[in-house]
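Residue numbering for the sequence shown follows our numbering, starting at 15 and increasing by one per position.
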Amino acid sequence: MGYLVFNGQPSGVPCGVREFTVDGAILIMSGWIGVPDEFSLFVEPDSVRVDCKVIKKRGSKVQVTFETWETDVRYRTR
């Protein structure tokens, strides 16, 4: 499970996280199509925050590459 956070918004947009590697992932969006080109992704329960850049959008799938990593970060305590 992951949460997209962008534009300083106080609440994140939930998403599924698939094919998670050190370089990127595929995010599964549930009925939400307004994904910006860059955002932060909190991945739980891994306690990771990554800054993402969108590579490709297709339907409910968004493929991203990771720009920076931060570990031991929990979205829910943010």
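Ideal placement from N, C-alpha and C gives every residue a C-beta, glycine not left out.
Beta-carbon proximity check, S74 vs I42, cutoff 8 Å:
For this step, residue 74 is matched to residue 60 along the sequence shown. For this step, residue 42 is matched to residue 28 along the sequence shown. At a Cβ-Cβ threshold of 8 Å, S74 and I42 count as neighbours.
Buried or exposed by the 16-neighbour rule on C-beta atoms within 10 Å, applied to R88:
For the purposes of this step, residue 88 is taken as residue 74 along the sequence shown, with counting starting at 1. Around the Cβ of R88, a 10 Å sphere holds fewer than 16 other Cβ atoms; the residue is exposed.
Count the other CB atoms, across all protein chains shown, that sit within 10 Å of the CB of G16; report buried if there are 16 or more and exposed otherwise.
Translated into positions along the sequence shown, residue 16 becomes position 2. G16 sits buried, since 16 or more C-beta atoms from the chains shown fall within 10 Å of its C-beta.
Where does P59 fall in DSSP's three states?
Position 45 of the sequence shown, counted from the start, is the residue given in the question as residue 59. Under the three-state reduction of DSSP output, P59 falls in the coil class, being neither helix nor strand.
Would you kindly report the start and end of the unbroken beta strand (DSSP E) that includes E84?
Within the sequence shown, numbered from 1, the residue matching residue 84 stands at position 70. For E84, the uninterrupted beta strand (DSSP E) segment begins and ends at 75 to 85.
Which residue marks the beginning of the beta strand (DSSP E) containing G38, and which one marks its end?
In the sequence shown, the residue the question calls residue 38 occupies position 24. From DSSP, the beta strand (DSSP E) with G38 extends over 38 to 42.
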